[in-house]
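Asker: Under this note's numbering, think of the first position of the sequence shown as 31, with each following residue one higher.
For each residue, glycine too, the CB sits at the ideal point set by N, CA and C.
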Amino acid sequence: MIRHLHPTDSAGLLPFRQAAGRAEACTLAGAIHGGPSSFPAVRYTGIALSPRAWQSCWVQTRRTRIQVLLRAGPRSGPLAWEIRDLYLRRNFVPECWDVLEQLSVPAGRAGARRLFVRLFEGSPLFEQARQAGYMTVNSETVYRTASAAAALKRLAVTGTPLELRSREKHDTDALFRLYCASTPLNVRQRVGQTVGEWSSAIERPWRKANEWVLDHGEGRLDAWLQTADTSAGRYFDVMCSRDAADDLQSLVAAALSEAGDGPAVTMVAAHNRALAALLEDIGFVPVRSYEVMVRMLAVRVAETRGAVAAIG
Numbered sequence: 031m032i033r034h035l036h037p038t039d040s041a042g043l044l045p046f047r048q049a050a051g052r053a054e055a056c057t058l059a060g061a062i063h064g065g066p067s068s069f070p071a072v073r074y075t076g077i078a079l080s081p082r083a084w085q086s087c088w089v090q091t092r093r094t095r096i097q098v099l100l101r102a103g104p105r106s107g108p109l110a111w112e113i114r115d116l117y118l119r120r121n122f123v124p125e126c127w128d129v130l131e132q133l134s135v136p137a138g139r140a141g142a143r144r145l146f147v148r149l150f151e152g153s154p155l156f157e158q159a160r161q162a163g164y165m166t167v168n169s170e171t172v173y174r175t176a177s178a179a180a181a182l183k184r185l186a187v188t189g190t191p192l193e194l195r196s197r198e199k200h201d202t203d204a205l206f207r208l209y210c211a212s213t214p215l216n217v218r219q220r221v222g223q224t225v226g227e228w229s230s231a232i233e234r235p236w237r238k239a240n241e242w243v244l245d246h247g248e249g250r251l252d253a254w255l256q257t258a259d260t261s262a263g264r265y266f267d268v269m270c271s272r273d274a275a276d277d278l279q280s281l282v283a284a285a286l287s288e289a290g291d292g293p294a295v296t297m298v299a300a301h302n303r304a305l306a307a308l309l310e311d312i313g314f315v316p317v318r319s320y321e322v323m324v325r326m327l328a329v330r331v332a333e334t335r336g337a338v339a340a341i342g
């Protein structure tokens, strides 16, 4: 059974580091910054000694030996949890499905309806996750360029720049409609089909991100652009409706502007082929791919109601 990491586990972290491989799961921020990393024993020692921190960290042991160690918690809201780190002993892969399944208990108790995990392509845990009830949401690829300025030059966007405005709180419903209009049904069914579920499942790799929207009035938004300057370079994310497909180049240009001559990076979902093709045309290179999976912790059921009907 899994349990919270405790201060008494500190002594077992160094032997676990020597026996564990690289992380089997990571967040969007981790994927952007280079993917799964080796086990950071010093950081987890700090977590073990901090009561507030170890409440989001679980461990499974055999006698006194750590077999699995993971961190998990809400994404952007209480309805969606994600596995942030997952490390295990190299010989423990065949048994890891049970740990993934057990994590559903604390997530469900906290009110989560979905539990997400991002695995690198070809991860040995893919089949283990499926055995534990996880389904594939989407495949994603990290795209990177060494020079945002060179990519911007290749875009060769002419004409008047798009009139973008900052995102405001009242835009949430319109952004949800944009998400529904630009995302395949099978993905929406697994990520979230209500405003609350979708808002909770949004990944926010950096707290201080700039957000702009393309507003054509009448409560309709045709595009959503997010950017952040990070140690990995200029990160950006683009979502646009079919009506704004012709503005895709201008949206990417807006994302790369003011980035200087440093690197730029983004994550592209498999269904967003137009963006992937555009990025490759201007010099972005696919770096690595991931599989995002989800386990449903709550499902909608049909409710039977009694009714009075006249007969005869």
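Which residue comes first and which comes last in the alpha helix (DSSP H) that contains GLY226?
Answerer: 225-231
Asker: Tell me whether CYS345 sits in a helix, a strand or coil according to DSSP, three-state version.
Answerer: For residue 345 there is no data in the structure shown, the boundaries of the chain being 31 and 342.
Asker: Of all the beta strand (DSSP E) runs that stay within the bounds of the stretch 267-322, which reach a length of 3 or more residues?
Answerer: 294-299
Asker: Using DSSP with H/G/I as helix, E/B as strand and the rest coil, what is GLY107?
Answerer: Residue state, collapsed to three classes: coil.
Asker: Ordered along the chain, which non-local residues of its own chain (more than five positions away) have a Cβ less than 6 angstroms from that of ALA332?
Answerer: Confidence at ALA332 is low in this model, with a pLDDT of 49, below 50, so the placement of that residue should be treated as unreliable; the coordinate-derived value is given next. Taken in chain order, the list of residues that qualify is empty.
Asker: Mind checking GLY222: buried by the 16 CB within 10 Å criterion, or exposed?
Answerer: buried
Asker: In its own chain, which residues sit with a C-beta less than 7 angstroms from the C-beta of ALA71, not counting the 5 before and 5 after it?
Answerer: LEU43, LEU44, ARG47
Asker: Mind the definition here: the stretch 279-295 touches the stretch 115-131 only if three or more C-beta pairs lie below 8 angstroms; say whether that holds.
Answerer: no
Asker: Taking 8 angstroms as the threshold, find out whether the stretch 199-209 comes into contact with the stretch 220-239 through three or more Cβ pairs.
Answerer: The stretch 199-209 makes contact with the stretch 220-239: 3 or more CB pairs, one atom from each, lie closer than 8 angstroms.
Asker: From which residue to which residue does the beta strand (DSSP E) around ASN168 run?
Answerer: 165-175
Asker: Alpha carbons only, please: which of GLY138, LEU116, GLN161, SER177 is nearest the one belonging to ARG148?
Answerer: Of the residues GLY138, LEU116, GLN161, SER177, the one whose Cα lies closest to the Cα of ARG148 is LEU116.
Asker: Using CA atoms only, rank isn't needed, just tell me which of ARG218, THR175, VAL123, ARG143 is closest to VAL167.
Answerer: ARG218
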